[in-house]
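Quick notes on the structure that follows.
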């Protein structure tokens, strides 16, 4: 039982290599471009995991982990943050290659503004609770920066990725939250759940993927020639 969290993480890491089977739209070279953005996202959200665990917002059950911790956080959680982002970014590249049409970009700003409004509402009504404050705080900063201070345009493709990645979220967190491998202090959440998965987890995934996609697009941008 103590390998369940690790096995879930390994399964996520395998996904990009399965995408290579569709050689017309994906290649091993693409995988290399997603490593650094995934690592940077994992560092930030690994820090968030350590903070929330230290303050008792998250709790891990040791019978489902291998017993190796970074401070109070199982190493599997840190690897999971990397693996989930890594799988998501490779899925992003795969979807872009297979479905290059970007006509929906014209609607992305309206969606982003609606999400910014949702973030503001949750920050206002749940500002005394640690988990939503951190998650919606990070997400609103990312949304504002990407839409209003950044020249790279990719939000339609990002939202397409997020919807596809919800499958990964419900499979992985469905297992993690229902065994449970991880539990959440209800008084520090908005107390809204889907299949025992806190609402905040959905927006945390969105923030992780948005940061990862932005970094991927930034690093992939052709260097200007002077």
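Residue numbers (this note's numbering): -5 to 220. The beta carbon of each residue, even a glycine, is placed where N, CA and C say it ideally should be.
Test item: CB-CB of residue i and residue j under 8 Å
i	j	result
residue 29	residue 207	no
residue 32	residue 129	no
residue 79	residue 68	no
residue 110	residue 136	no
residue 175	residue 55	yes
residue 146	residue 212	yes
residue 158	residue 210	no
Counterpart residues of residue i in DSSP-defined beta bridges
i	result
residue 233	Nothing can be reported for residue 233: it is not among the residues displayed for the chain, which extend from -5 to 220.
residue 177	53
residue 68	63
For residue i, three-class secondary structure by DSSP
i	result
residue 39	helix
residue 220	Because the pLDDT at residue 220 is just 47, under 50, the model does not fix this residue reliably, and the value given afterwards should be weighed accordingly. If DSSP states are grouped into helix, strand and coil, residue 220 belongs with coil.
residue -3	coil
residue 129	helix
residue 154	helix
residue 266	Residue 266 lies beyond the stretch modelled for the chain, which goes from -5 to 220, so this question has no answer here.
residue 102	helix
residue 10	helix
Close-in-space but distant-in-sequence residues of the same chain around residue i (CB under 7 Å, 5 per side omitted)
i	result
residue 14	20, 21, 22
residue 42	128
Sequence-distant residues of the same chain with beta carbon closer than 6 Å to residue i, five excluded per side
i	result
residue 125	51, 182, 183, 194
residue 236	Residue 236 lies beyond the range of the chain shown here (-5 to 220); nothing can be said about it.
residue 39	75, 202
residue 35	79, 202, 205, 206
Sequence-distant residues of its chain with Cβ nearer than 8 Å to residue i (five each side left out)
i	result
residue 189	164, 168, 171, 172
residue 117	126, 127, 130, 131, 134
Expected contact under 8 Å - CB spacing of residue i and residue j to nearest Å
i	j	result
residue 133	residue 177	With 8 Å as the limit, residue 133 and residue 177 do not qualify as a contact, their Cβ atoms being about 23 Å apart.
residue 44	residue 65	5 Å
residue 70	residue -5	With 8 Å as the limit, residue 70 and residue -5 do not qualify as a contact, their Cβ atoms being about 13 Å apart.
residue 151	residue 96	7 Å
residue 156	residue 103	Their Cβ separation, rounded to whole angstroms, is 16 Å, which puts residue 156 and residue 103 out of contact at 8 Å.
Near the ligand ATP: residue i beta-carbon under 7 Å from a heavy atom
i	result
residue 192	Summarising the ligand content, the structure contains no ligands, and the ligand ATP is consequently not present.
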